[in-house]
Amino acid sequence: MFYRVNMATLAVSKDDGAQYQGLGGRALSSRIVSAEVDPQAHPLGASNKLVFVTGLLSGTGAPNAGRMSLGAKSPLTGTIKESNVGGAMGNKLGRLGIRGIIVEDLPAKDTAYVLKVSAAGLVVEEMPELKGLDIYDTVAKLQQKYGEKVAIGCIGTAGENKMASACVGFTDMEGAPTRQAGRGGLGAVMGSKSVKAIIADDAGTQMVPFADEAAFRAGTKKLANALLTHPVTSQGLPTYGTDVLVNILSEAGGLPTRNFSSGRFEGANNIGGETLNATAKERGGKTGHACSPGCIIRCSNIYKDKKGEVLTGGLEYESCWSLGADIGVDNLDDIAVMNRLCDDIGVDTIEMGVTLGVAMEGGVASFGDGKAAIELIKEVGKATPLGRILGGGAELTGKTYGVRRVPTVKGQAIPAYDPRAVKGVGVTYATTTMGADHTAGYSVTANILSVGGKVDPLKPEGQVDLSRNLQIATAFLDSTGLCLFVAFAVLDIPEALDGIVEMCNARFGWNKTAGDYLEMGKQVLRDERAFNAGAGIGAGDDDLPEFFRKEPLPPHNTVFDIPKKDLDTVFNF
Amino acid sequence: MRLEVRLYATLRQAAPASPDGVVPLDIPDGATVAEVLGLVKIDPADVRMIMVNGVAAELGRTLMDGDRLGLFPPLGGG
Ligand code: SF4
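These protein sequence lines are chains A and B, in that order. If you use our numbering, the first sequence closes out at 1957, no skipped numbers anywhere. If you use our numbering, the second sequence closes out at 1571, no skipped numbers anywhere.
Written out as structure tokens, the structure is:
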């Protein structure tokens, strides 16, 4: 079932979305955006649409199937955008039988609306009292009104102010807004439509129907076994969280440090997963936290301050890197404060950290000055002129301060792996439809982690094929509602993919092969590239900034040397 | 000759006296990674990633004076 909400008339309609049958997650959000949004539309205008969709396996209770997708044309990149998020909502929307909620047009009035969906339907409520609130306060007010059990996704002041790095924050299973649809500024699109929050209440729902429940359970078992057997998903991630990557990437010389000027950070150990784990133990925080129902990997965490008060949660590698090594900060408490501020104001932590690195290079503050960085993020919350520049992202900030080393692709900040030392992920950054995005084709697996084979990260050979295959497989996985971290098991244990195929088939009564599902992944990429081409963003934009090809990165002193003509073959399928 | 061993994640349990996992070690000339694992009492089966001076290496790799040897169990993130 699909809901359409027109923000100009506040009319809500319901249909079965016949034209979108057989799609979920990213395949669905990207198809809706490419079919219904003019690629030339202004991202904050009436013609852009914001879609919330569930995956093929949402609501089924399948292992790690609690993710959902948001889609729109991005104000940060000008491309199509799918932003994937965990937390409690995906499962509830799935149980409610909702495949998509499509938010259209612009409201006549400058206020705060809440979209509330339950078994009784979708209603639009006006709650002007939420206007101007940041995310934690918004969630507290909504929980007072609707109870603690509902799932909430909402924007902070950054989204209301339509900043291009604004995210949408979602509540986790404890009701804390620690999960973000972070990338690409979808919070600004939500703000442009004056939608302050979306709420899902699945009270009174039944288990979703299965075409063949026994076959579904058999598939579930295969995936669960793989996740409980693979050492990364059963031990590494629950013990240390994603932040364990800080030391790995620093050791490998691929941890972007001080605005991508070095690949190794002397303070890495202070901000890595080992220290995060020890700090959690010492202060009564938590690692091995599940962000969404059915997650058996549990990579998330709850971080407490020195006094033992909860400061933030879901403190990820990307954030510890961007708000740490990339700005020369080696203090985990400062990083946690920044993470909380970003989650509260509602900005993407990757974009914010990279922006601060660029600002520091431009002389706005000194590398390593965590306290100054905290104050700069507060400027974003206050929407001062400086705060608006920073909230506009790394590229805007680089232009404003005349910085030459600006690590972005298609306007979006490059994440936590330097493409000169992890060349496979460099191919992904350069070519993905999303603007620089590591998750779109996570070549770090074979480049660094010895998962899914081995490809030398410092050499150009094999990187294009690696990235292409991962981009296709990821586009499918992002369509299922599964957390991408199941890929660690999928890449090494064949039964994991069998299980996923069997679950999707058994849910809907299909008879598709793994090859058919990979074809779905290819079609996602074709849809997205067609949209981008219509928006004027084509193969010519598929490259990294010049400095990656010219400035050698210590300690390996390598440059990104995959010829542009090879990058142009990524989508030859 | 002198080697700097860097242990990460669960492998740090092999060197409880070095909470940051950095273990300077004197080793015989021509020692391999596998021999060093024996010296620090780490089962090679527990090691997924070996890096010598930040570059991936195998168990049979011969080490040189001043090398930095990074050892990791299976790990991932994103
Ligand atoms: S593995 Fe991590 S990101 Fe994925 S669903 Fe579980 S807690 Fe969330």
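Even glycine gets a Cβ: it sits at the ideal position worked out from N, Cα and C.
Handout entry: Burial state of histidine 1426 of chain A, where buried means 16 or more other Cβ atoms lie within 10 Å
Key = In the first sequence, residue 1426 of chain A corresponds to position 42, counting from 1. If you draw a 10 Å sphere on the C-beta of histidine 1426 of chain A, you find fewer than 16 other C-beta atoms in it, and that means exposed.
Exercise for the section: For glycine 1991 of chain A, I'd like the list of residues in its chain whose CB is within less than 6 Å of its CB, leaving aside the five on either flank, ordered along the chain. Expected result: The first residue shown for chain A is 1385 and the last is 1957, placing residue 1991 of chain A beyond what the model contains.
Practice task
Please report the residue range of the beta strand (DSSP E) in which leucine 1434 of chain A lies.
Solution key: Working through the first sequence from its first residue, we reach residue 1434 of chain A at position 50. In the DSSP annotation of this structure, the continuous segment of the beta strand (DSSP E) that includes leucine 1434 of chain A starts and ends at 1434 to 1438.
Practice task
Over the uninterrupted alpha helix (DSSP H) stretch that includes isoleucine 1464 of chain A, give me the two end residues.
Solution key: Position 80 of the first sequence, counted from the first residue, corresponds to residue 1464 of chain A. Residue range 1464 to 1469 is occupied by the beta strand (DSSP E) that includes isoleucine 1464 of chain A, with no alpha helix (DSSP H) assigned at that position.
Practice task
Please check if any C-beta of chain A sits within less than 8 Å of the C-beta of aspartate 1553 of chain B.
Solution key: In the second sequence, residue 1553 of chain B corresponds to position 60, counting from 1. The residue you asked about is not aspartate; residue 1553 of chain B is glycine in the sequence shown. So no, glycine 1553 of chain B is outside the interface.
Practice task
Within its chain, find whatever has a CB closer than 6 Å to the CB of glycine 1741 of chain A; leave out the 5 residues flanking it on each side and keep chain order.
Solution key: By one-based count along the first sequence, residue 1741 of chain A stands at place 357. Cβ neighbours of glycine 1741 of chain A beyond the five flanking positions: Asn1643, Asp1710 and Ile1711.
Exercise for the section: Determine the closest residue to proline 1512 of chain A out of A:Ile1758, A:Ala1581, A:Val1811 and A:Val1437, with distance taken between C-alpha atoms. Expected result: As a working note, residue 1512 of chain A is residue 128 in the first sequence. Minimum Cα distance to proline 1512 of chain A is reached at A:Ala1581.
Problem - Residue-level contact to chain A via CB, valine 1502 of chain B, 8 Å cutoff - result: Reading the second sequence from its first residue, position 9 is the one you call residue 1502 of chain B. The residue you asked about is not valine; residue 1502 of chain B is alanine in the sequence shown. At least one chain A Cβ lies under 8 Å of alanine 1502 of chain B.
Exercise for the section: Could you tell me the distance, in whole angstroms, from the CA atom of leucine 1909 of chain A to the CA atom of lysine 1807 of chain A? Expected result: As a working note, residue 1909 of chain A is residue 525 in the first sequence. As a working note, residue 1807 of chain A is residue 423 in the first sequence. Here the alpha carbons of lysine 1807 of chain A and leucine 1909 of chain A stand approximately 21 Å from one another.
Practice task
Using three-state DSSP, classify leucine 1518 of chain B as helix, strand or coil.
Solution key: On the second sequence, position 25 is the one that residue 1518 of chain B refers to. Strand, per DSSP.
Practice task
Take the Cβ of glutamine 1506 of chain B as the centre, count every other Cβ of all protein chains shown within 10 Å, and call the residue buried at 16 or more, exposed below.
Solution key: Indexing the second sequence from 1 puts residue 1506 of chain B at position 13. With fewer than 16 Cβ atoms within 10 Å of its Cβ, glutamine 1506 of chain B is classed as exposed.
Exercise for the section: Say whether the region 1548 to 1563 of chain B touches the region 1516 to 1533 of chain B, bearing in mind that this needs 3 or more beta-carbon pairs closer than 8 Å, one atom from each stretch. Expected result: Touching, yes.
Exercise for the section: Go through the residues and name those whose CB comes closer than 6 Å to any heavy atom of ligand 1, in chain order. Expected result: Every residue passing the under-6 Å Cβ criterion appears here: A:Asn1448, A:Gly1450, A:Gly1470, A:Ala1674, A:Cys1675, A:Ser1676, A:Cys1679, A:Ile1681, A:Arg1682, A:Cys1683, A:Ser1684, A:Cys1867 and A:Phe1869.
Practice task
Just the chain B side, please: which residues come within less than 8 Å of tyrosine 1687 of chain A by C-beta, in chain order?
Solution key: Looking up residue 1687 of chain A in the first sequence gives position 303. Under the 8 Å cutoff, chain B gives no residues; its nearest Cβ is about 16 Å from tyrosine 1687 of chain A.
Problem - When A:Ala1857, A:Thr1613 and A:Glu1488 are compared against glutamate 1879 of chain A, the one with the closest alpha-carbon - result: One-based indexing of the first sequence puts residue 1879 of chain A at position 495. For glutamate 1879 of chain A, the closest of A:Ala1857, A:Thr1613 and A:Glu1488 by C-alpha to C-alpha distance is A:Thr1613.
Problem - Cα-Cα separation, methionine 1544 of chain B to glycine 1899 of chain A - result: For this step, residue 1544 of chain B is matched to residue 51 along the second sequence. For this step, residue 1899 of chain A is matched to residue 515 along the first sequence. Rounded to the nearest whole angstrom, the CA to CA distance from methionine 1544 of chain B to glycine 1899 of chain A is 36 Å.
Handout entry: Simplified DSSP state of asparagine 1956 of chain A, which is helix, strand or coil
Key = In the first sequence, the residue the question calls residue 1956 of chain A occupies position 572. Coil at asparagine 1956 of chain A, not helix or strand.
Practice task
State the start and end residues of the unbroken beta strand (DSSP E) segment that holds glycine 1484 of chain A.
Solution key: Mapped onto the first sequence, residue 1484 of chain A falls at position 100. Where glycine 1484 of chain A is concerned, the enclosing beta strand (DSSP E) stretches over 1484 to 1488.
Exercise for the section: Could you tell me which chain B residues have their CB closer than 7 Å to the CB of glycine 1637 of chain A, listed as they occur along the chain? Expected result: Along the first sequence, one-based indexing puts residue 1637 of chain A at 253. What glycine 1637 of chain A touches in chain B: Gly1547.
Exercise for the section: Starting from proline 1566 of chain B, find everything on chain A with Cβ-Cβ shorter than 9 Å and list it in chain order. Expected result: In the second sequence, counting from the first residue as 1, residue 1566 of chain B sits at position 73. At a C-beta separation below 9 Å, proline 1566 of chain B has these neighbours in chain A: Pro1615, Gln1619 and Gly1620.
Handout entry: Closer than 8 Å at the beta carbon, the chain B residues around tyrosine 1530 of chain A
Key = In the first sequence, the residue the question calls residue 1530 of chain A occupies position 146. The premise fails here: tyrosine 1530 of chain A is roughly 32 Å from chain B at the closest Cβ pair, so nothing lies under 8 Å.
Problem - Three-state secondary structure (DSSP) of leucine 1633 of chain A - result: Here residue 1633 of chain A refers to the residue found at position 249 when the first sequence is read from its first residue. Here leucine 1633 of chain A sits in helix by DSSP.
Exercise for the section: Taking C-beta pairs closer than 7 Å, name the residues in chain B that phenylalanine 1869 of chain A reaches, listed in chain order. Expected result: Start at 1 with the first residue of the first sequence, and residue 1869 of chain A comes out as number 485. The contacting residues are Gly1571.
Problem - Short Cβ contact (8 Å threshold) for valine 1498 of chain A with glutamate 1488 of chain A - result: If you number the first sequence from 1, residue 1498 of chain A lands on position 114. If you number the first sequence from 1, residue 1488 of chain A lands on position 104. Result no, Cβ atoms of valine 1498 of chain A and glutamate 1488 of chain A do not sit closer than 8 Å.
Practice task
For chain B, find out if any of its Cβ atoms is closer than 8 Å to the Cβ of valine 1811 of chain A; answer yes or no.
Solution key: The residue labelled residue 1811 of chain A in the question sits at position 427 within the first sequence. With 8 Å as the cut-off, valine 1811 of chain A does not count as an interface residue toward chain B.
Practice task
Please decide whether glycine 1563 of chain B counts as near chain A, where near means a Cβ-Cβ distance under 8 Å.
Solution key: Translated into positions along the second sequence, residue 1563 of chain B becomes position 70. Nearest CB-CB separation between glycine 1563 of chain B and chain A: below the 8 Å threshold.
Problem - Cα-Cα separation, leucine 1725 of chain A to isoleucine 1761 of chain A - result: Reading the first sequence from its first residue, position 341 is the one you call residue 1725 of chain A. Reading the first sequence from its first residue, position 377 is the one you call residue 1761 of chain A. Rounded to the nearest angstrom, the gap between the Cα atoms of leucine 1725 of chain A and isoleucine 1761 of chain A is 7 Å.
Exercise for the section: Report yes or no: do the region 1831 to 1838 of chain A and the region 1917 to 1936 of chain A share at least 3 C-beta pairs separated by less than 8 Å? Expected result: Verdict: no, contact absent.
Handout entry: Spatial distance of asparagine 1941 of chain A from isoleucine 1519 of chain A (CA atoms)
Key = Taking the first sequence and counting its residues from 1, the one referred to as residue 1941 of chain A is at position 557. Taking the first sequence and counting its residues from 1, the one referred to as residue 1519 of chain A is at position 135. Their backbone Cα atoms lie some 42 Å apart in a straight line.
Practice task
Can you give me the Cβ contacts of leucine 1629 of chain A inside the same chain, cut-off strictly under 6 Å, excluding the 5 residues immediately before and after it?
Solution key: Translated into positions along the first sequence, residue 1629 of chain A becomes position 245. Closer than 6 Å at Cβ, skipping near neighbours: Tyr1701.
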